[in-house]
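Quick notes on the structure that follows.
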Amino acid sequence: MASVHESLYFNPMMTNGVVHANIFGIKDWVTPYKIAVLALLYEMSTTKPMALLDRRRLNKLILPLQQGADLTLEQFVKIVEECCLRMVNAVKLRLFLMADGELQDMEHFFTILPNAFSDSEAFKTSVVGLFMRQMLLAYNKLSFSQVYKLYKSLQQYCHRGNQPELSALPAEDMELTNTEDPSADRIDKDELDTISLHQSELRSDETQGPLSQKQAEYFLARQAYLLKNDENKAMSPAKLQDELNNILKFNPDFAEAHYLSYLNSMRVQDIFISTHSLLHYFDRLILSGGEGKSNGDEGYGRSLRYAVLNLATLHCRFGHYQQADLALQEAIRIAQEANDHVCLQHCLSWLYTLEQMKGSDSVVLTEDSVKIAAHFCLPYLASLGIQSLVQQGAKQGMSANKLLDALRGTDIMHWKQSLSELIEISLAQTTSIWRMYGKSTMARQQAQLLLNMNSLEPVNFSVQQNNTEAFAVALCHLAELHAEQGLYAVVTDIMKHLKQQFPPHTQHAKLWMLCDLKIQFEKAMNDGKYHLAEPHVTAISALNSTEGLYRKAQLLKALNQTSEASKILQQQCEKSKNTEMIIRVMLGSAELHWDSSGFASALPLLLQALALSRQHNLQSLTSETVLHLAFTQLMLGIPEQALALVQDVLESVLAHGSLIDKGRALLLAARCQMALAGSAAQEHRLTALDQAVHTLDEAAVYFSRLDCKERMRDIHYLQARLHHTLGNVSQRNKCAMLFRLLDQELPSSGMTVVNRL
0 MASVHESLYF
10 NPMMTNGVVH
20 ANIFGIKDWV
30 TPYKIAVLAL
40 LYEMSTTKPM
50 ALLDRRRLNK
60 LILPLQQGAD
70 LTLEQFVKIV
80 EECCLRMVNA
90 VKLRLFLMAD
100 GELQDMEHFF
110 TILPNAFSDS
120 EAFKTSVVGL
130 FMRQMLLAYN
140 KLSFSQVYKL
150 YKSLQQYCHR
160 GNQPELSALP
170 AEDMELTNTE
180 DPSADRIDKD
190 ELDTISLHQS
200 ELRSDETQGP
210 LSQKQAEYFL
220 ARQAYLLKND
230 ENKAMSPAKL
240 QDELNNILKF
250 NPDFAEAHYL
260 SYLNSMRVQD
270 IFISTHSLLH
280 YFDRLILSGG
290 EGKSNGDEGY
300 GRSLRYAVLN
310 LATLHCRFGH
320 YQQADLALQE
330 AIRIAQEAND
340 HVCLQHCLSW
350 LYTLEQMKGS
360 DSVVLTEDSV
370 KIAAHFCLPY
380 LASLGIQSLV
390 QQGAKQGMSA
400 NKLLDALRGT
410 DIMHWKQSLS
420 ELIEISLAQT
430 TSIWRMYGKS
440 TMARQQAQLL
450 LNMNSLEPVN
460 FSVQQNNTEA
470 FAVALCHLAE
480 LHAEQGLYAV
490 VTDIMKHLKQ
500 QFPPHTQHAK
510 LWMLCDLKIQ
520 FEKAMNDGKY
530 HLAEPHVTAI
540 SALNSTEGLY
550 RKAQLLKALN
560 QTSEASKILQ
570 QQCEKSKNTE
580 MIIRVMLGSA
590 ELHWDSSGFA
600 SALPLLLQAL
610 ALSRQHNLQS
620 LTSETVLHLA
630 FTQLMLGIPE
640 QALALVQDVL
650 ESVLAHGSLI
660 DKGRALLLAA
670 RCQMALAGSA
680 AQEHRLTALD
690 QAVHTLDEAA
700 VYFSRLDCKE
710 RMRDIHYLQA
720 RLHHTLGNVS
730 QRNKCAMLFR
740 LLDQELPSSG
750 MTVVNRL
């Protein structure tokens, strides 16, 4: 290993068109691309009559061209051409004069280059002047053989199409070639039209030459920013890892490259590479800060305790709770020895997060974390703690006003501190709370507020500030809310947008995948197409085992496989810790009791579900449970009580419920009215039957929007019977014909209108 480092450190090195003497010490070197940039700067300085708008565009282009990675000549020309066509011709003319001439033409260009800036103060103080002086210094340090190889590289850069492929060159001639891959000259025209300075890849597909220090720093900063704010615009995991490996090959002590490798491997859930890169990152920090004391505020002591803390967070993300707990305890011990209160607060935040992941009660730890964070003036950690308390409070059934008051207090702090990320999280959490409590209108409002909010963070690299987890959650809520109202065309548009903003390889893609599968499952179940719903159950189980088991039980129940459905629901009720899921399992079990052991045996389960839903303020589940109780009482021969229960929750269902819930509630109300009309006096009977007909007509509107043919078949059956009793022969025949058409189209089902809600 020592011999390798000695050869890199002391001997001049040339690789792929890059001339440099020390990859660890020198900051920049001359390449054909940088000669093109120098030619652009020279022509801008010597060309006086230029339109003001063109000059402004070129001035904005200079810094990205200097800091960005080397581009092919086609890419460089395309970018400059978008700013000033006249300047493109001048730059190409100067480059081709050097490439088609002799070596002295390139030497003459570097000789006259300072003359255009010698009288300018910008040459001494500006970024452009610094760049030009660095290039001149690097060029003057080259030997004659190195200058000649740079000249040959410039010829290849300008005349790529006339040059042989690199694979055909002898091995000894590949010491100094172009920084670009030769396949880059075959770029498609459409791709060339859409390429831009910030959105193009770093280099071509296969790169072997090292980046300069400035280029590497710019590349790492850009990719890290994109991974945080807009992962869709970042390089793909494989290409990014290749570039990082290329950077680390020439400078293995580049700590920032190791950390970006850690972030990149987290995208693909690679535990080995992520752990390896994270440890190497902190090893490099410790080496660079070795003069500090082990227990000091700086140096390797601080790096060591944060390295252990980051290792704990890594294990948390991968679900290795035991290893995460051991790493957290180690980080706490080291931070206590160093008396680092900030690190201890971070450890406490991850400690209560770990307890939540394991399913334990962490309210006390979270409250302590909020108090200590507020004491040490750490608003970010304090706000995260309060939001975690709100989330736990919602699961424990706290009233909505208390939770929203707590969030409102944190929002004031967010706006004062300009913490836009936490503002987005707060709005997404508010959307989820309203949705959980059954207030769909308020959930839609909060989601729209988040989607229309302008970000407080500066936007760089053409990033749209709508690629965070909060935006994904809000869009998924909107998709489900629109699906509940039968607006599947809107759902398709939302899903299309989600797939564009969060491609399948991104970390938040599972959110829309699960949402899309649940919507498709519910649609197939409403349509009675159980053969289409079955594949969705398998896919849902792969993303969320609890949701998958529940929907498998729903499917089995619809297929009249009651024993298998009962086993799954009983198993899920014992294991699930989610209150909403427990209540839904109870309702599903009660429906199975209707078919097997009778309606009276379902009452204890329904009463228990009603008490649990009211205790946790779950209005939508409370309404659904009341409808189940009303149906049970109707089947037990108590239509008066059943109709009273339906009327109690009908307003809430019509205001916030889905179309299927609205239709079911109105259908149940009509059946209660029909039962009461049978025992009513003759003078009130016709009025009651007319009222039932109108209720059925209203229910049919909701079911028709969903194209729920099974429910429409039940509606037409009841309407035909009512019109027959009322003596409306034409209406009866029409409803009977519609019923017959649907009955012939749909497969026979054991669930009839008589014994289902």
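In this note's numbering, the protein residues as written are 0 to 756.
The C-beta atom is built at its ideal place from N, Cα and C for all residues, glycine as well.
From a predicted model like this one, the values you see are computed outputs, not experimental measurements.
Taking the alpha carbon of L239 as the reference point, which residue from R710, F249 and S260 has its own alpha carbon closest? Within the sequence shown, numbered from 1, the residue matching residue 239 stands at position 240. Checked all of R710, F249 and S260; the closest Cα to L239 is S260.
Spatial neighbours of H158 within its chain, please: C-beta separation below 6 Å, excluding the five flanking residues on both sides. In the sequence shown, counting from the first residue as 1, residue 158 sits at position 159. Nothing meets the Cβ criterion.
Do F281 and A306 count as a contact pair if the criterion is CB distance below 7 Å? Here residue 306 corresponds to residue number 307 of the sequence shown, with the count starting at 1. Here residue 281 corresponds to residue number 282 of the sequence shown, with the count starting at 1. Contact flag set, yes.
Do you know offhand how far E546's Cα is from E579's? Residue 546 sits at position 547 when you count from the first residue of the sequence shown. Residue 579 sits at position 580 when you count from the first residue of the sequence shown. When rounded, the distance between both Cα atoms is 11 Å.
Are L620 and I582 touching if we call contact CB-CB under 7 Å? Along the sequence shown, read from residue 1 onward, the residue named residue 620 stands at position 621. Along the sequence shown, read from residue 1 onward, the residue named residue 582 stands at position 583. Yes, Cβ-Cβ distance for L620 and I582 is below 7 Å.
Out of F501, A698, L96 and I61, state which residue places its alpha-carbon closest to the alpha-carbon of C82. Counting from one through the sequence shown, the residue named residue 82 turns up at place 83. Nearest option by C-alpha distance: I61.
Restricting to Cα atoms, I'd like to know which of L516, A488, Q519 and S425 is closest to A473. Along the sequence shown, one-based indexing puts residue 473 at 474. The residue with the shortest Cα to Cα distance from A473 is S425.
So what does DSSP say about S44, is it helix, strand or coil? Here residue 44 refers to the residue found at position 45 when the sequence shown is read from its first residue. Residue state, collapsed to three classes: helix.
How would you write the range of the alpha helix (DSSP H) that Q607 sits in, first residue to last? Reading the sequence shown from its first residue, position 608 is the one you call residue 607. That run of the alpha helix (DSSP H) goes L602 to Q614.
Excluding sequence positions up to five away, which residues of its chain have a Cβ less than 6 Å from the Cβ of Q730? Working through the sequence shown from its first residue, we reach residue 730 at position 731. Once the five neighbours on either side are set aside, the close Cβ partners of Q730 are H722.
Among the candidates M494, Q618, R670 and I659, whose CA atom is the shortest distance from the CA of A641? Taking the sequence shown and counting its residues from 1, one reaches residue 641 at position 642. Considering only alpha carbons, the answer is R670.
CB L327 to CB L350, shorter than 7 Å? Looking up residue 327 in the sequence shown gives position 328. Looking up residue 350 in the sequence shown gives position 351. Cβ atoms of L327 and L350: closer than 7 Å.
Once DSSP output is grouped into helix, strand and coil, what is the label at V387? Mapped onto the sequence shown, residue 387 falls at position 388. For the sequence presented, residue 387 should be read as Ser rather than Val. S387: helix per DSSP, three-state reduction.
Please return the same chain residues whose Cβ sits closer than 7 Å to the Cβ of C346, not counting the five positions on each side in sequence. Residue numbering aside, residue 346 sits at position 347 when the sequence shown is read from its first letter. Within the same chain, C346 has close Cβ partners L308, L327, A330, I331 and A334.
In three-state DSSP terms, what is T71? Here residue 71 is taken as the residue at index 72 of the sequence shown, counted from 1. Coil.
Look at the alpha carbon of N58 and the alpha carbon of M43, and state the distance between them as a whole number of angstroms. Reading the sequence shown from its first residue, position 59 is the one you call residue 58. Reading the sequence shown from its first residue, position 44 is the one you call residue 43. Rounded to whole angstroms, N58 to M43 spans 9 Å at the Cα level.
Cβ-Cβ separation, A735 to A719 (assumed contact under 8 Å), whole Å: As a working note, residue 719 is residue 720 in the sequence shown. As a working note, residue 735 is residue 736 in the sequence shown. A719 to A735, Cβ: 4 Å. Contact.
Return the chain-ordered list of same chain residues with a C-beta closer than 8 Å to the C-beta of D742, the five sequence neighbours on each side being excluded. For this step, residue 742 is matched to residue 743 along the sequence shown. These residues qualify, in order along the chain: R712.
Using only the alpha-carbon positions, how far apart do K357 and L383 sit? The sequence position of residue 357 within the sequence shown is 358, counting from 1. The sequence position of residue 383 within the sequence shown is 384, counting from 1. Cα to Cα, K357 sits roughly 19 Å from L383.
So I422 packs on D410, CB below 8 Å; how close in whole Å? Along the sequence shown, read from residue 1 onward, the residue named residue 422 stands at position 423. Along the sequence shown, read from residue 1 onward, the residue named residue 410 stands at position 411. Contact flag correct, Cβ pair sits at about 7 Å.
Pairing CB atoms from the region 596–605 with CB atoms from the region 381–401, are three or more of them under 8 Å? no
Status (buried if at least 16 other CB within 10 Å, exposed otherwise) for R407: In the sequence shown, residue 407 corresponds to position 408, counting from 1. It counts as exposed.
In angstroms, rounded to a whole number, what distance separates the CA positions of Q416 and F130? Counting from one through the sequence shown, the residue named residue 416 turns up at place 417. Counting from one through the sequence shown, the residue named residue 130 turns up at place 131. Approximately 37 Å between the Cα atoms of the pair.
Exposed or buried, S276, counting other C-beta atoms within 10 Å across all chains shown (16 or more means buried)? Taking the first residue of the sequence shown as position 1, residue 276 is located at position 277. By the 10 Å Cβ count, S276 comes out buried.
Taking just the CA atoms, how far does E483 sit from H257? What you label residue 257 is simply residue 258 of the sequence shown in a count that begins at 1. What you label residue 483 is simply residue 484 of the sequence shown in a count that begins at 1. H257 and E483: Cα-Cα distance of roughly 46 Å.
Write down the C-beta distance between L695 and L725 rounded to the nearest angstrom, noting that I regard them as a contact closer than 8 Å. Residue numbering aside, residue 695 sits at position 696 when the sequence shown is read from its first letter. Residue numbering aside, residue 725 sits at position 726 when the sequence shown is read from its first letter. With 8 Å as the limit, L695 and L725 do not qualify as a contact, their Cβ atoms being about 12 Å apart.
Return the chain-ordered list of same chain residues with a C-beta closer than 7 Å to the C-beta of T631, the five sequence neighbours on each side being excluded. Walking along the sequence shown from the start, residue 631 turns up at place 632. Around T631: F598, A601, L602 and L605.
Residue from N525, F143 and S678 whose Cα sits closest to the Cα of I659: Within the sequence shown, residue 659 is the residue found at index 660, counting from 1. Here the closest residue by C-alpha is N525.
For L327, name the three-state secondary structure that DSSP assigns. Walking along the sequence shown from the start, residue 327 turns up at place 328. Correct three-state label for L327: helix.
Check each candidate in K438, V536 and A220 and name the one with the smallest Cα separation from A68. Counted from its first residue, the sequence shown places residue 68 at position 69. Comparing Cα positions, the closest option is A220.
With 16 as the cutoff for other CB atoms within 10 Å, does K551 come out buried or exposed? Counting from 1 along the sequence shown, the entry for residue 551 is found at position 552. K551 comes out buried.
Extent of the continuous alpha helix (DSSP H) run through I659: Along the sequence shown, read from residue 1 onward, the residue named residue 659 stands at position 660. Taken as a continuous stretch (DSSP letters only), the alpha helix (DSSP H) holding I659 covers L658 to S678.
Please state the DSSP three-state secondary structure of N577. The count along the sequence shown starts at 1 and reaches residue 577 at position 578. N577 falls in the coil class under three-state DSSP.
How long is the line joining the alpha carbons of H596 and H627, rounded to whole angstroms? For the purposes of this step, residue 596 is taken as the residue at position 597 of the sequence shown. For the purposes of this step, residue 627 is taken as the residue at position 628 of the sequence shown. First, the amino acid is wrong: residue 596 is Ser here, not His. Distance between the alpha carbons of S596 and H627: 16 Å.
Among the residues of its own chain, which have a CB less than 6 Å from the CB of Y138, if the five just before and after it don't count? Mapped onto the sequence shown, residue 138 falls at position 139. Closer than 6 Å at the Cβ level, and outside the excluded window around Y138, lie V29 and F109.
Does DSSP put V29 in a helix, in a strand, or in coil? Residue mapping note: residue 29 aligns to position 30 of the sequence shown, counting from 1. In the structure shown, V29 sits in coil (DSSP, three-state: anything other than H, G, I, E or B).
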